[in-house]
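Engineer: Supplied in structure tokens, the structure appears directly below.
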Amino acid sequence: MTNFFIGMFLSTLITAMLTTRLYRLIAWYAVNSLFLALAAMSEAVRIQDEAMLISALLTLVLKSALIPYLLKHFAVKFQAERNITPSIKVQYLIILIPAILVFTFYLIDPIIAGAAKNYISLAIASLFLSLVLMIEHRNVFAKVIGFLSLENALFLLAMTATEGMPMLIELGIFVDLLMAVVILNLLFKKEASHV
Amino acid sequence: MFEALFLPPLAILLLSFLDIAKIKRFLPIVSAAIFIPVLFLFASDHILYYHDLIAVDKLAKFVLLVSSVVSIGVTLALESLEKHVAIDAKDYKRFYRFFALFWIGMIISVAANSMGIFWVGLELATLSTVYMIKTNKSAFAHHEAWNYMIVGTIAIALILFGIILIYAAAKPAIGEEAMLFSALGAHIHQIRNSYLFEIGFAFVAVGSFVKMGFFPMNLWLANIERAAYYPVAALFSGLLESAIMVGFFRFAHIAKKLNESHLIGFTYIYALLTLFIVAFLIYRAKDFMRLFSLSGVEHMVLIAIFWVSGGYFAALLHFAAHAFLKPALFISTGVLESKGKYHIAGALRGYKGVKGTLFFILVGFFMLAIIGLPPSPIFFSEIFGFGAMVEMAKASHHLLLMFGAIAFMLLLLAVIFYKFVEVYQSMKYEGSEEPKEVYASEMSALALFAIALLALLVSFDYIEHIV
Amino acid sequence: MIAYILWIAVMVLTAPLFLSLIKMIKMWLLFKKPLSPLQGYRDFSKLLSKEVLISQEASAITHIAPYMVLAPLVVVLFLLPPPSAKSFFISFTDAFTLTGLVALSSFFLMLLGLDSASSFGGIGSSREAFISALVEPAMILVIFALSLMAKNLGVAQATINLAHHFPIEHLASFAFAGIAFFILLIAENGRIPVDNPETHLELTMVHEAMILDISGWYLALVESAAAIKFMIFASLFVSFFMPFGMDAPFLVALLIFLLKVAFVAILVALIEVNTAKLRLFKVPNLLGLAIIFAFLSLISYYILGA
Amino acid sequence: MFTFDTLSLLFVLFLALGVVPNIFYAWGYMDHIERKGHFLVHYLSFILSMLGVVLSNTPLAFLFFWEIMSLTSWQLILANAHEKGTLPAARLYFFMTHFGFVFILLFFLITSDGNLSLSFSELHAIAAHFPYPTLLFFLLVLGFLSKAGVVPMHVWLPYAHPAAPSAVSALMSGVMLKIALYGFLRMLLEVLYPWHLEWGVVVLIIGAISSLIGVLYALSEHDMKALLANHSIENIGIILIAFGMGMIFGSLHLPLLSAFAFIAGLYHIFNHMSFKSLLFMSAGAVLHQTHTKNIEKYGSLIKTMPITAANFLFAAVSISALPPTNGFLSEWMIFQSLLGSSSISDIILKISIPFTVFALALTGGLAIACFVKAFGITFLGLHRSHNAKHAHEVNRLMQIGMLSMAAVVLALMLFAPLFLHLFDDALVPFGLSDITGRITPTFWSIHSIAHNGGVVSPLFLTFALAVVVFALDYAAKLLGVRSRSHRTWACGYRTNAKMQYTATGFAGPIRRFFAWLYRPEVHFHKKTVAGHTTKFTSALYDVHIKPLFEASLYEGTKKALNVISYWVYRLGHFEQVRYGAIIFNLMLSVLFGYRIIAHHFSWATLVLEAVILIASIKILVIGDKE
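If you want it as structure tokens, here you go:
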């Protein structure tokens, strides 16, 4: 079951990369986080780790509901440009995305085989994909979505490769994430939403 | 004892929310109080706290001590910030609020024994600085704050990614303890998946290097410091970079045990590229801020490379000396640039009175000390650091290649040296003599840093025994 | 002892004679009425009887320089290779000392030229500085090459060695050195084609330009210095390149020596008659030739052993 | 930390001789200096740092004092900061000394195994085990000799030394350069031996070239102090010729000749210190009075400043290596050691030594020309400017400084054998032979060590010259020479200052001869009358010479730096826009690197990955043209 959710996670991320409208991008991010949370839950059930269950629930609440909502709210409030065309052409992305996936599998090849080997490569791939998501948009909101996807990739890695980080650290990461959103608010408050 | 460290910043945080008129006077005093618990730490031999998550070892104590001195200096200088730039009381308080958060993040990351805790602290410190940059209300600063936000968070995310990979590599062998630096260091050779560890280390290193403005992010940091008010730049170079550096120290120490040649090859290539770019950017620098922040990058490179070459003493000495010198120089830019940003010529002329003369002398000393002229501690740290590098080169299999790299590095440092000499002469002897004002708070900050530098000169023995 | 002093005295006393001799031969060859070989002495005595006229602009240098021009040359006389191998005193000096003393003399001569604020003096000094700067290396190279061939760095002992054992195997080096040294002899003594001692034309003067502003006793000193300088060079030339007759009894040896010097004087006169004065900037070509020959001589001895 | 061995003590004596007269002079010079406190602090610490360098016995102490020495001398140059040209000169100087320092540092780091508190003699064992001794030797050459100002690392010297106050110029040129040579010598004697034959040849050739280049550029110089500074290059070259010969003989196992050459070198070190200091002091006195360094503005100063003039003349005779002065004696010894090599059969030497002899001889000849010019134009003739007209003798303290330095010159000249004795004693503990008995059998003569070498006696020569001069003077008295004063004959015109030869004119023939080296820029402007080329109302002739090495090496480096920094700067500004993309590619390449290096390296994957990387940089970073 985890495999399925992770697959969905990746595909929603890739779809998000090709999106050209801001609100839809935010929506895709919410879906993306949702699948991440589901994957985490199924994994938590599999290894019976309560801590991971909690963080999965937190993900569900925070990343797939609260943060997308806040972002949407900000976008409306600050009248962000809603048409976001990626600066990288689709033709290139068609080459780039598979190349990244192939590269990460190649990169991970020397690792001593374990259950998580493939997940690690997928996590690294989603890291790179999120980076591309950040690169391809000049819009600040889209960049923030990219950053949040990056966070998701981290969570994916933590969840699959290490069977969950120590709880304290996970909580710390969430706190920082919230802090980041607060800062974002402050930054948006002033002026232009373009970088 | 360790918890006491958090009291002063928490106090600042609370006070900054109160609406008292005189609060502005009160805040620096509270922040100076940071120094006291740090001193108490030295008295106790207790190292591990909270299930080993926190380790106040000698390195952490040393860094905390250095950082507290720096922050006292910076808060002293903050007193006269309003005289150089337009800033209102509300901004002031908000600045202090984030300064408190920053300190909490600093303390956590420096004293962390757990990689995760280290990261949490670092992220906290980074995010709080974003707002500190924003204190300056110019469009340029806004833009750079965004830049900082985006790149900084990417870098931090990379570090976390690396930490998770390292944890993943070590967990099968060590268990849950794998998150702790101490456990990793002790059981490093049990790790079977060393490749995964190295990949993780690469992520951590790239993340920290990006954060410190190494190749290819050199101008990124310089622009941010240019955009921020000068005390923020001082905090950046004196504290935040120190925190990242400490993390790099700890990670590199472990990576070195695993595979020294990979670590050294990686760091040397990175350092050479960075120095090359930085040296020539410095050669073209036209204002004090960029000059100093680029030179900060240069010194970070040196510290990193001394450390991986085994010159621990040199790295720490350099680290401390730089942590004192660079904030001092950044603080003095407030005065030096009081006649405009690009007025290097004659910047050090026109100081009258006792304060002025003292400022003139001290800034002259700092300028010369930063390029490693004796008796600056940087002179000794560079000598010992390059000694360690040569030592390592002699033991390596690629003797001539390593010597070539070292000689090239020294020549690049000579280019930087040339620029600094040029700037020094130009600020002292060229241009016209325009009267400039120096305030007591800045002066006392500079004096504090000067005393700290002198103290460094007599504490070689102590520093030598840290690692 | 007495022989030695006699030799020095003869050299000093006959010095003006040879210069007059050159002049006489030249006039004779040019179908002019030749002047007496004693003209040099007449000039000298005339100068002694005249008062010294000193330029207002001149400084203490004018009073010191004539002495310092003559004195080193007189000292050199004592250090020259003796005419006879069984001499009382065989000097220990080497080429560098000899050249140095000669240079000391011309150093003060050049200062003398600059002292009186006249532009002629400057012309002379400048040219002299130029020429002697090029002469010095050639001279040192030549004498050292010869000294090496003669297996002794001391000049006097070297000539005696040459007289006793002429280095046939190094004949090539020897010939090169001879050519070089003869050019130097001409250049150092201000003879045609380097300098023309007989005109006072600013285009050509070197030596005369420097001494234009002194007179009387001082001029006498400088003029005799010129004569002694010729004597020095001629005697060095004959000792090195005609090393025979040194084992004869002293008086005979001295006579042979004087004849050899007279031969050199005739040679110089013949060259003077048959060449034109070179333009100043052509002079380096000639001196360059000397340097090259000197070099060749040293190198062919040193590297090829020929 | 410190050592008091013979060589150190010898250089302490050297410092004492060089510094004590200078202190008097500087004292008298003080009224010329604006920031007295600044000057005094740096002047005294400069002297102390030189003492420290000489006495150091560990690399750390040595490097420390060495940097202090650079730092203080740089600050001393800046004492005249308001003068044009001082700032670039100081900057270049400080950079060059740092450049040298880098190599010295590397040398010490390699030879000390990281423990910089070892004593020098302990370094030898480590140096001997280093597989590339020639690398160490070149580090020494670059490190110490760039500070000593040998060609081609001399560009800074003619700018830096004249820029300082004259007392400091004297110290820098006279004393500090020799401290660099001291370092070189000590490292050679104590750390880096045995020498290779090639090293000696390298030093010899560097010396020969430096001596020639130095004197040639001195000749073309109009700036009095720059002229003297160029002569320092020349004399350092001469000293290095001696050292080079010493090293050659040492590597060929000819201990006697080697010791002789090193003694000659040390002697010339002392001599150059004495006469160069004296020259700088008297040139400084002239400068002090006339407020210009331009030699064309002097003239006739001998009448108003007789003591300065006498000192200058004495030093000029000495530096021109004219007998019987000390400059002559040391050059004589160097010639002797060059000629002592006739029995060596090595072909490199057989070629390089005659060239060196030639270079040294030509140097001597040109030096004479140069100092005739320097003395003649400065002190003789008519004054060429108002300042020169109103000059008067400097104050008593400066006179004392000059006279005591003249006494040092005189002592070095008359008591040469005693000094040689001292030099030999200093060198014997370092494994060189004791040859005192052979070269100075009596107190009045110096013998060459070479087989059948020459002999020279300063006392005898001085005595003989004095006797002849007094005899002639006596003769003049006997003859009752009368004298009368009248103005100089100038073809019927009145003599005036403009009619005199200028320094430019004086050096004209030589400049013309060496035009291929000088490449002079000639500016010749004249206002002609009615189109006649030969008739003109006013004319201006000006020659400017830009030294070849400066034009090629220094300007070239600067140009290269500018080009590189321009591109780096552009790159830097380019990167500003696409930080994310750059981090992406950075991460990619680092991971690639780890993948390749850490596991099963293969060329095919490397090429493949390079292609991918380039493609991704193209797509992400550079992007399409808009």
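Residue numbers (my numbering), protein chains in the order written: chain Y, 1 to 195; chain W, 1001 to 1467; chain B, 2001 to 2306; chain P, 3001 to 3626. In this text, a Cβ means the ideal position worked out from N, Cα and C, and glycines have one as well.
What do you reckon, are the CB atoms on W/I1199 and W/L1239 nearer than 7 Å?
Structural biologist: no
Engineer: If we define contact as Cβ-Cβ less than 7 Å, is Y/I169 a contact residue for chain W?
Structural biologist: yes
Engineer: Kindly indicate which residue of Y/L38, Y/S121, Y/R138, Y/L53 has the alpha-carbon position closest to the one of Y/G81.
Structural biologist: What sits at residue 81 of chain Y in the sequence shown is Glu, not Gly. It is Y/R138.
Engineer: Using a cut-off of 8 Å between C-beta atoms, extract the partners of P/F3046 located in chain W.
Structural biologist: Here the premise fails: no neighbours, minimum Cβ distance about 14 Å.
Engineer: Quick check: is the beta carbon of B/W2007 nearer than 7 Å to any beta carbon in chain P?
Structural biologist: no
Engineer: Go ahead and label P/A3242 buried or exposed: buried means 16 or more other beta carbons lie within 10 angstroms of its beta carbon, across all protein chains shown.
Structural biologist: buried
Engineer: Output the distance between the C-alpha atoms of W/N1113 and W/A1139, rounded to the nearest integer angstrom.
Structural biologist: 40 Å
Engineer: Look up B/V2052 in the DSSP assignment and say whether it is helix, strand or coil.
Structural biologist: DSSP places B/V2052 within a strand segment (E or B) once states are collapsed to three.
Engineer: Are the CB atoms of W/Y1418 and W/M1367 nearer to each other than 7 Å?
Structural biologist: No.
Engineer: Between P/L3123, P/I3023, P/H3573, P/M3172, which has its C-alpha nearest P/T3058's C-alpha?
Structural biologist: Ranking P/L3123, P/I3023, P/H3573, P/M3172 by Cα distance to P/T3058 puts P/L3123 first.
Engineer: What is the DSSP secondary structure of P/S3345, counted as helix, strand or coil?
Structural biologist: coil
Engineer: For Y/F147, go through chain W and note every residue whose CB falls closer than 9 Å to its CB, in chain order.
Structural biologist: M1149, I1150, T1153, I1154, A1157
Engineer: Would you call W/M1149 buried or exposed, if buried means 16 or more other Cβ atoms sit within 10 Å of its Cβ?
Structural biologist: Around the Cβ of W/M1149, a 10 Å sphere holds 16 or more other Cβ atoms; the residue is buried.
Engineer: Candidates P/L3010, P/F3014, P/I3236: which alpha carbon is nearest P/V3408's?
Structural biologist: P/F3014
Engineer: Chain W beta carbons: is any one of them nearer than 7 Å to that of P/Y3093?
Structural biologist: no
Engineer: Anything in chain W within Cβ reach of Y/P201, meaning under 8 Å, just list it in chain order.
Structural biologist: Any property of residue 201 of chain Y remains undetermined from this structure, which presents chain Y solely from 1 to 195.
Engineer: Alpha carbons only, please: which of P/F3011, P/T3534, P/G3492 is nearest the one belonging to P/R3186?
Structural biologist: P/F3011
Engineer: Does the Cβ-Cβ distance between P/A3391 and P/L3301 come in under 7 Å?
Structural biologist: yes
Engineer: Can you find at least 3 beta carbon pairs, one from the region 1221-1234 of chain W and one from the region 1287-1294 of chain W, that sit closer than 8 Å?
Structural biologist: yes
Engineer: By DSSP, does P/V3481 sit in helix, in strand, or in coil?
Structural biologist: coil
Engineer: DSSP has P/T3528 in a bridge; who is on the other side?
Structural biologist: P/F3536
Engineer: Counting Cβ pairs closer than 8 Å, one from the region 1311-1320 of chain W and one from the region 1331-1347 of chain W, do we hit at least three?
Structural biologist: no
Engineer: Please classify W/F1040 as buried or exposed, where buried requires at least 16 other C-beta atoms within 10 Å of its C-beta.
Structural biologist: exposed
Engineer: With C-beta atoms as the reference, is P/K3303 less than 7 Å away from B/S2059?
Structural biologist: Closer than 7 Å, so yes.
Engineer: Please report the straight-line C-alpha distance between W/H1397 and P/S3616, rounded to a whole angstrom.
Structural biologist: 34 Å
Engineer: Could you give the first and the last residue of the continuous alpha helix (DSSP H) run that contains W/F1384?
Structural biologist: It spans 1377-1395 - the alpha helix (DSSP H) in which W/F1384 sits, taken as one unbroken run.
Engineer: Check each candidate in B/G2178, B/Y2301, B/K2229 and name the one with the smallest Cα separation from B/N2189.
Structural biologist: B/K2229
Engineer: By the criterion of Cβ-Cβ separation under 7 Å, what are the contact partners of P/G3580 in chain Y?
Structural biologist: L131, M134, I135
Engineer: Is DSSP giving Y/S126 helix, strand or coil here?
Structural biologist: Note: Y/S126 maps to helix in three-state DSSP.
Engineer: Thinking just about the alpha-carbon of each residue, which of B/G2245, B/F2237, B/L2219, B/G2124 is nearest to the one in B/S2084?
Structural biologist: B/G2245
Engineer: What number of angstroms, rounded off, separates the C-alpha of W/V1066 from the C-alpha of W/A1445?
Structural biologist: 14 Å
Engineer: Is the number of C-beta pairs between the region 2092-2099 of chain B and the region 3449-3457 of chain P that are closer than 8 Å three or more?
Structural biologist: yes
Engineer: I want to check one thing, is the minimum distance from the CB of W/Y1342 to the heavy atoms of the ligand FAD below 6 Å?
Structural biologist: Annotation note on the ligand FAD: not contained in the displayed structure, which lists no ligands.
Engineer: For P/H3447, which beta-bridge partners are listed by DSSP?
Structural biologist: Partner(s): P/V3455.
Engineer: Contact criterion: CB-CB distance below 7 Å. Does P/R3035 meet it with respect to chain Y?
Structural biologist: no
Engineer: Can you give me the C-alpha to C-alpha distance between W/H1046 and W/D1052, rounded to a whole angstrom?
Structural biologist: Using only the alpha carbons, I get a separation of about 11 Å.
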